[in-house]
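K.L.:
One structure, pasted below without further comment.
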Amino acid sequence: MDIIIQNFVPLMFGGLVFFLLTGIPVAFSLAATGLVFGLLGVALDVFPSILFHALPLRLFGIMKNDTLLAVPFFTLMGLVLQRSGMAEDLLETIGQVFGRLRGGLAIAVIVVGALLAATTGVVSAAVISMGLISLPIMLRYGYNRSIATGVISASGTLAQIIPPSIVLIVMADQLGQPVGDMYAGALIPGLALVVLYMAFIAVLAVIKPQWVPALPDEALVYKESDGATGHKSLGVLLLISAAAGYFWALSHNTIFSGLQGSTHNAPTDELVVSSMTVGAICALVLAGLNRVGGLGLLSQLTERVVFVLIPPLMLVFLVLGTIFLGIATPTEGGAMGAVGALVMAYLRNRLNATQFRQALDQTVQLTCFVMLIVIGATIFSFVFIAVDGSDWVKHLFDKLPGGALGFLIAVSLLVFVLGMFIDYFEIAFIVIPILTPVAEHMGINLVFFGVIIAMTLQTSFLTPPFGYALFYLRSVASKTDYTDKVTRKPIKAITTTQIYKGSLVFVLLQVVMVGILLAYPEMVTDRLHSSPVIDMDTLDFQAETGGYGNEDDDPMRGFD
């Protein structure tokens, strides 16, 4: 018995692995492990039986968790937008904008992947949508097969790291950090990763132009009567919109100071969000006037870009802008996003009752899936912490060389391996509660810790042979030879080896990005709203005497 007591925590881990290997779902494996070892701990007198009385209260507290309430809202928003045909419109339009450039189609896929990440936040939806739409077009015009599949897989996984990622919501909940801080911390790394992807395509267009050819003239469908592509008017409209946003930023404080009657100094986040919103509204109004009035000042391409791109961008500003500025909580932002997505789908006449019902069904399924895992993980971690499991993990990682950096590298490797086999929800609810006390003990910023884990999870989604994104793309990529409907040329099937090969270079780019984050954590921490630090040793407490300095002023005088 002494051997069991001394090795109780490792045995508990072994029990969890045993239940998982038997094929029992993760949620039930976690709950079963916690209950079995909790009862065993009571029998061995290492787990106080009275703690079981607190377990129902813990589980009831999960149902009242305001942070997790944002999950169904953001999920519904993404599913509604997916079914409204937004991905198809974005890919077609952005492809026409960049199509004349070498690598333009690949850049369009990356841009659309970032936009889908900022609106849907669902990896499977992004990869499948772009695989169905973009892959046939890229193969039609001679793109290297591995590059085409790699770009689509990598761009789809941006939904893991770019807000309003559902992964970040779960991370924030498990780390005990505000969702707004998690979003703010992940924004710059996510955008930097997009730039890294685009830079790779730009380099490839120079050294291997035959791998990423430009679209031929016959593939450019939005042309003017004189044969012009319309890019000039698009550039002019962008300049006008940028100027409107810039002048708004200059006059923002003056306008609000006049309205409020006092000096108003807006923070940088407020200026950026409001300026971008004003610029987008300016472009939308000008394009609307041009269409309604028949002015003919804007090209077909310009109008198409405005009416396809601006609405989802406005939705992003509505959701993320209000969260970043502290106007709305993540739950309120998600609710506004879901309503905004429904309004957009209704105005575009792209969502019928059946599609809406399917979106609701999938939202309920995902929400129930998440809550079951949360309940199972709560039971497991409840027992695990009660038997001093966190101390065992802390001592285990204290032996690693390199201090905090060594710990972060070890955690990244662990999450990278686990991410190829189990879902990110399961990792978030199993691994993070165990490792968070260690990160706090080492003085690591928990938002930075969460962003590193999210970025590593994204890398594991791309890594062959078990990356989830690769399976999503494999499910929609052509498995047999076919004849292209436009060019009438034979197109060979996409092989699994080509999908694996294409992902490797983007896995390397992901690893580079993780390395950059480890070297420059300020990319995450500088955007956080830190509270002022109070030094209790130098704090001077002073109290007003209330004017009773003289004996005559004492209100208690005479009551002796």
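Just so you know, we're using my numbering here: the sequence shown kicks off at 76 and counts up by one.
We put the CB at the ideal spot given by N, CA and C, even for glycine.
Computed from a predicted structure; not experimentally measured.
(1) Measuring alpha carbon to alpha carbon, tell me which of L483, I505, F500, V490 ends up nearest A452.
(2) Pairing CB atoms from the segment 524-540 with CB atoms from the segment 255-274, are three or more of them under 8 Å?
(3) For F667, collect the residues of the same chain with a Cβ closer than 6 Å to its Cβ; drop the 5 residues on either side in sequence, then sort them by chain order.
(4) Where P607 and G408 are concerned, what is the direct C-alpha to C-alpha distance, given to the nearest angstrom?
(5) Closest to T338 by C-alpha separation, out of N328, E501, R177, V281, would be which residue?
(6) Jot down the residue ranges of each uninterrupted alpha helix (DSSP H) in the segment 399-485, minimum 4 residues, whole runs only, in chain order.
(7) Would you tell me roughly how many angstroms separate the C-alpha atoms of D463 and I591, rounded to the nearest one?
(8) If you count every other CB in all the chains shown that lies within 10 Å of the CB of F500, and 16 or more means buried, which is it?
(9) If you draw a straight line from the C-alpha of R158 to the C-alpha of L151, how long is it?
(10) Confirm, please, whether the CB-CB distance from G225 to F541 is below 8 Å.
(11) Determine whether the Cβ of A274 lies closer than 8 Å to any Cβ atom of chain C.
(12) What is the DSSP secondary structure of T397, reduced to helix, strand or coil?
(13) Decide if L364 is buried, meaning its Cβ has at least 16 other Cβ atoms within 10 Å, or exposed.
(14) Does D164 pass the burial test, meaning 16 or more other C-beta atoms within 10 Å, or should it be called exposed?
(15) From A413, A434, L510, pick the residue whose C-alpha is nearest to that of I460; which is it?
(16) Please give me, in chain order, every unbroken run of the alpha helix (DSSP H) with length at least 4 that falls completely inside the segment 148-226.
(17) Would you kindly work out how many angstroms separate the C-alpha atoms of L537 and V287, rounded to a whole number?
(18) Go ahead and label P565 buried or exposed: buried means 16 or more other beta carbons lie within 10 angstroms of its beta carbon, across all protein chains shown.
(19) Measure the C-alpha to C-alpha separation of L426 and V439 and round it to an integer number of angstroms.
(20) Under a three-way DSSP split, which group does T558 fall into?
(21) Restricting to runs no shorter than 4 residues, where is the alpha helix (DSSP H) found entirely within the segment 497-575?
(22) Near A192, which residues of its chain fall below 6 Å by C-beta distance, leaving aside the five closest residues on each side in sequence?
(23) Residues in its own chain within less than 6 Å of A183 by CB, not counting five upstream and five downstream?
(24) What residue range does the alpha helix (DSSP H) around P239 cover?
(25) Hey, out of A362, Q375, E378, I356, whose CA is closest to L393's CA?
(26) How about L417 and V155: are their beta carbons less than 8 Å apart?
(27) Measure the alpha-carbon distance for L91 versus S104 and round it to whole angstroms.
(28) Apart from the five residues on each side of it in sequence, which residues of its chain come closer than 6 Å, Cβ to Cβ, to F149?
(29) Take T666 and list the residues in its own chain whose beta-carbon comes closer than 7 Å to its own, dropping the five residues that flank it on each side.
(30) Mind listing, in chain order, the continuous alpha helix (DSSP H) runs of no fewer than 4 residues lying wholly within the segment 93-157?
(31) Counting along the chain, where does the alpha helix (DSSP H) carrying G255 start and finish?
(32) Is the Cβ-Cβ distance between L290 and R366 less than 8 Å?
P.N.:
Let's see:
(1) Nearest Cα to A452 within the set L483, I505, F500, V490: I505.
(2) As far as the Cβ criterion goes, the segment 524-540 touches the segment 255-274, which means the pair count is three or higher.
(3) Since the first and last residues shown for the chain are 76 and 635, residue 667 lies out of range.
(4) In this predicted model, P607 has a pLDDT of only 42, less than 50, meaning its place in the structure is not dependable; the value taken from the coordinates is given anyway. The alpha-carbon atoms of P607 and G408 are separated by roughly 27 Å.
(5) Considering only alpha carbons, the answer is N328.
(6) Counting only runs of 4+ residues, the alpha helix (DSSP H) found wholly inside the segment 399-485 occupies 405-422, 428-461, 464-473, in chain order.
(7) Answer to the nearest angstrom: the Cα atoms are 35 Å apart.
(8) Residue environment: F500 is assigned as buried (16 or more neighbouring CB atoms within 10 Å of its CB, all protein chains considered).
(9) Those two C-alpha atoms are separated by around 11 Å.
(10) Between F541 and G225, the C-beta gap is not smaller than 8 Å, which leaves the two residues out of contact.
(11) The displayed structure is made up of one protein chain only, and chain C is not part of it.
(12) Here T397 sits in helix by DSSP.
(13) With fewer than 16 other Cβ atoms within 10 Å, it is exposed.
(14) D164 should be labelled buried.
(15) Considering only alpha carbons, the answer is L510.
(16) As far as the segment 148-226 is concerned, its whole alpha helix (DSSP H) runs of at least 4 residues are 161-173, 179-194, 198-215.
(17) About 21 Å.
(18) Residue burial is scored here from C-beta neighbours: P565 has fewer than 16 other C-beta atoms within 10 angstroms and is therefore classed as exposed.
(19) Looking at the two C-alpha atoms, the distance is approximately 18 Å.
(20) The DSSP-derived three-state label of T558 is strand.
(21) Every unbroken stretch of the alpha helix (DSSP H) spanning 4 or more residues and falling wholly within the segment 497-575 is given here in chain order: 499-516, 521-537, 543-551.
(22) Only L233, A234, I237 meet the Cβ criterion.
(23) Within the same chain, I169, G170, F173 come within 6 Å of A183 by CB-CB distance, once the 5 residues on both sides are set aside.
(24) Per DSSP, P239 is not a residue of any alpha helix (DSSP H), being assigned neither H nor E.
(25) Comparing Cα positions, the closest option is I356.
(26) Yes, they are a contact pair.
(27) Rounded to whole angstroms, L91 to S104 spans 6 Å at the Cα level.
(28) Residues of the same chain with a CB within less than 6 Å of the CB of F149, apart from the 5 flanking positions on each side, are G196, P239, I241, G409 in chain order.
(29) Summary: the structure shown does not reach residue 666, with the chain confined to residues 76 through 635, and so no result is reported for it.
(30) Correct list: 101-119, 130-138.
(31) Element bounds for G255: 254-282.
(32) The answer is no: Cβ separation not under 8 Å.
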